[in-house]
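Heads up: the sequence shown begins at 7 in our numbering, then just goes up one per residue.
Take a look at the structure set out below.
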Amino acid sequence: MKISTKGRYGLTIMIALAKNHGDQPIPLKSIANEYDLSEHYLEQLIAPLRNSGLVKSVRGAKGGYLLTREPKLITAADIIRTLEGPIRPVEEMDDDEPSKRELWKRIRDAVRDVLEKTTLQDLIEYNDSNYQEENMFYI
């Protein structure tokens, strides 16, 4: 499964809002400037996030966007499904062998499991010391 820029930038928006949860609304322009992204593109992504109830907009001079729920209650799956559609790494074909269909199903379930178990809270609390890279051996 390849996550497009819609999904990646959507996660960026949501992480920025999660880091600011409980504070003032954040304008998209601020997020675009901080992450060096197109404000116009972010505007296209915020609409489905708002329509799905993940964010709300606040109008006015100090307006912007806020999460509608606490970061621990919003999963990466919520965001990716909203922006990318169903989580399917491979389009299953009726003529696929049963063993291949089972493999695609297991891959889909594994990806879905990771996305559903990863919350915005997990993503904002992540730091590089949490990541332990496996030892690489070169010959």
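Each residue gets a CB set at the ideal place from its N, CA and C atoms; glycine is no exception.
Through-space distance from residue j to residue i, alpha-carbon basis
i: V61; j: A116; result: 27 angstroms
i: E131; j: W110; result: 32 angstroms
i: H27; j: L73; result: 7 angstroms
i: S58; j: R14; result: 17 angstroms
i: Q127; j: D102; result: 39 angstroms
i: Q50; j: R75; result: 21 angstroms
i: L43; j: K106; result: 39 angstroms
i: N133; j: L79; result: 20 angstroms
Spatially closest choice to residue i from the options, by CA coordinates
i: G70; options: E49, D102, P33 and E103; result: P33
i: G16; options: L48, Q30, Q127 and N26; result: L48
i: Q30; options: G66, R112, S105 and L126; result: G66
Cβ-based neighbour list, residue i, same chain, cut-off 6 angstroms, excluding 5 preceding and 5 following
i: T18; result: Y41
i: L129; result: I21
Cβ-Cβ distance between residue i and residue j below 8 angstroms
i: A24; j: P77; result: yes
i: E108; j: A83; result: no
i: T124; j: T81; result: yes
i: I9; j: E97; result: no
Close Cβ partners of residue i (< 7 angstroms) along its chain, the five nearest in sequence each way excluded
i: I52; result: I19, L34, V61 and Y71
i: R56; result: K62 and S63
i: E45; result: L34, K35 and A38
i: P54; result: T88 and L89
Own chain partners of residue i with C-beta closer than 8 angstroms, once the 5 adjacent residues on each side are dropped
i: I93; result: M7, A83, I86, R87, R114, V117, R118 and L121
i: K68; result: Q30 and P31
Residues that DSSP places opposite residue i in a beta bridge
i: K6; result: Beyond the ends of the chain as shown, which are 7 and 145, falls residue 6; an answer cannot be given.
i: I32; result: Y71
i: T125; result: T81
Cβ-heavy atom distance, residue i to the ligand MG, below 7 angstroms
i: G66; result: The ligand MG is absent from the structure shown, which contains no ligand whatsoever.
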